[in-house]
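Everything below concerns the one structure shown next.
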Amino acid sequence: MKHWSWKRAVLIAALVLTVGTILAGVGPSARAAAPYATRGDCGGLARTTVEMADGYCLGLVWQRAGGDGPRLPRDLLPLAGGDWLVSDLGSWDNGRGAVWRLSPRTGGGVGWTRLLSRLSLPHTLTRGPDGRIYVAEMGRILTFDPASADPAATIETVIGDLPDNRLHANRHPLSSFIFDGDGALLVNVGAPSDRCLDPAGAPQRGAAGGCSERVTQAMVRRYAYLGAGHWSGDWTVFASGLRNSVALVRHAGGAIFQGENSVDLTTAERPFDEINRLVPGGDYGWPYCTDMATALPGWTAAEARCGRRTPPVSLLPPHAAPLALLYYAGPMFPELRGRLLMSWHGHRRAGGRVVAIETDASGAALTDRPGRYAVYPGGSRPYPAGGPAPRGRVLTPGWDSRPGRHPRGSPVGLAVAADGSIWMADDRAAAILRIARP
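Next comes the structure, spelled out in structure tokens:
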């Protein structure tokens, strides 16, 4: 009996190890997300137990628990009548993404309708100056009609042949974009690696000696508008030296801002992420220089040329991972009007937050020197000496993991509803949430 028990224990241990290995190799869409507990009311929705700034609450619109709906919701776009479009990565594998229509139901709950399927890592959803709906999919930007009886039949490719980065280890494949004032498309093309180093840690140099990956990637491209819903197939470099520009926004005054997800080093406390004001021809330093003027390992100080780099408007906490930028102009929160809302998606101590940053007339972040940033589970850390720190307010100060209450926040897309409430997608928890008045 003892011998049988020992063999059974070994078999069980092996099975556990195998299952654990399998789970380690799949994306978060395949794992059960910790549920959001609710208590009370938040502007007509069930109120989550996430600790919020005074005057705000976080309501639960929906969280996946089987059935229809996105597995990895990323971006949201309001439609007339109260419905929403939601982009869904599906997983980090090719061809499993979708676009869904979320329809709030009378008396509570939501209904889901899948409009597009078999997409490759769809992310950005936006309405163009022409009123049409545009979607960024890995490799292309498309437009479609969500009101059609067959939305998939209305798909038109607007920009094709964007780089396909899905196979590399650092994952910068998301082709986010915005429209400029003249109708041009400004498109993120992320870096195909973390620091442009080969597996041995040596710089990958091109013919001119610099990083070879900067020739066609690690930039924001500009595609000129030709009129009548068409864009040039050729592109020019709008701004370069940008590792990952998923977060892009255009201020009403015309200025373009970007949230930079900086490189990964051995410490969680460096380097700092950034807010950059993008100007035509600007070089923002990747992979040579980070923070205000710090040369990155693998490249010499002479190669980094930190003094020639276009400096950030503001630093952000290390690994905050900004994934959405939005100027608030809704009626619900007058105190936030004109502020720059940001989602910090990062899984490290500074991430998992939605912040509202004060801005000047051009839309640039106002800053303080010196400054500190909050970390989970509590406390704060300093920004570099002399480094500009964003001046603003964290709307979700208590969004750390609380067992039995709520998961750690992983906010991605942000959008403002007609009533001024702030909607967001939490991709790791497969949830749609809404900031409103208590």
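In this text, residue positions in the sequence shown follow this note's numbering: the first is 295, and each later residue adds one.
Even for Gly, the Cβ is constructed at its ideal location relative to N, Cα and C.
Here the structure is a predicted model, which is why all the values come from computation and not from measurement.
{"Item": "Neighbourhood of Tyr582 by C-beta, 7 Å cutoff - its chain only, sequence neighbours within 5 removed", "Value": "Ala589, Leu590, Trp593, Glu597, Ala598 and Arg599"}
{"Item": "Cβ-Cβ distance between Arg685 and Glu652 below 7 Å", "Value": "yes"}
{"Item": "Opening and closing residue of the alpha helix (DSSP H) in which Ala595 lies", "Value": "Ala595 to Ala598"}
{"Item": "Residue interval of the beta strand (DSSP E) (run including Met513)", "Value": "Met513 to Tyr517"}
{"Item": "Trp378 - partner residues in DSSP beta bridges", "Value": "Pro372 and Leu396"}
{"Item": "Sequence-distant residues of its chain with Cβ nearer than 6 Å to Ala723 (five each side left out)", "Value": "Ala327 and Pro701"}
{"Item": "Close beta carbons around Ala709, own chain, < 7 Å, minus the five adjacent residues each side", "Value": "Leu370, Leu371, Pro372 and Trp717"}
{"Item": "Outcome for Pro486 when other beta-carbon atoms lying within 10 angstroms are tallied against a minimum of 16", "Value": "buried"}
{"Item": "Status (buried if at least 16 other CB within 10 Å, exposed otherwise) for Asp720", "Value": "buried"}
{"Item": "Leu366 and Tyr330 closer than 7 Å at C-beta", "Value": "no"}
{"Item": "Which residues DSSP lists as bridging Gln498, in chain order", "Value": "None, per the DSSP bridge assignment."}
{"Item": "Alpha carbon of Pro664 to alpha carbon of Ser608, nearest angstrom", "Value": "12 Å"}
{"Item": "Residue from Leu536, Ile729, Gly475 and Asp488 with nearest C-alpha to Arg647", "Value": "Ile729"}
{"Item": "Closest residue to Ala679 among Asp585, Ser385 and Pro398 (Cα-Cα distance)", "Value": "Asp585"}
{"Item": "Cα-Cα separation between Ser385 and Gly575, rounded to whole angstroms", "Value": "35 Å"}
{"Item": "CA-to-CA distance, Ala392 to Leu256, given in whole angstroms", "Value": "No answer is possible for residue 256: it lies beyond the span of the chain, which begins at 295 and ends at 732."}
{"Item": "For Gly349 and Pro398, the rounded distance between their alpha carbons", "Value": "25 Å"}
{"Item": "For Trp525, the nearest candidate out of Arg333, Thr661, Gly681 and Ile453 (CA to CA)", "Value": "Ile453"}
{"Item": "Test item: CB-CB of Gln552 and Ser534 under 7 Å", "Value": "no"}
{"Item": "Local conformation of Arg571 per DSSP, three classes", "Value": "strand"}
{"Item": "C-beta contact flag for Leu410 and Val404 at 7 Å", "Value": "no"}
{"Item": "Burial state of Thr315, where buried means 16 or more other Cβ atoms lie within 10 Å", "Value": "Only weak support is given to the placement of Thr315: the predicted model assigns it a pLDDT of 34, under 50, and the value that follows is read from those uncertain coordinates. By the 10 Å Cβ count, Thr315 comes out exposed."}
{"Item": "For Tyr667: DSSP bridge partner residues", "Value": "Arg675"}
{"Item": "Rounded separation between Cys336 and Leu630 - CA only", "Value": "18 Å"}
{"Item": "Residues that Thr407 bridges to, as DSSP identifies them", "Value": "Arg395"}
{"Item": "Nearest neighbour of Asp476, chosen from Arg731, Gly363, Pro676 and Ala549 [CA to CA]", "Value": "Ala549"}
{"Item": "Which listed residue (Leu415, Leu619, Thr561 and Thr437) has its alpha carbon closest to that of Ala541", "Value": "Leu619"}
{"Item": "Pair within 7 Å by beta-carbon distance, Leu436 and Ile427", "Value": "no"}
{"Item": "Distance CB(Val557)-CB(Arg489) smaller than 7 Å", "Value": "yes"}
{"Item": "For Leu630, the three-state DSSP class (helix, strand or coil)", "Value": "helix"}
{"Item": "DSSP bridge partner residues for Val429 (one or two, in chain order)", "Value": "Leu419 and Leu436"}
{"Item": "Cross-strand partners of Cys336 (DSSP beta bridge)", "Value": "Leu339"}
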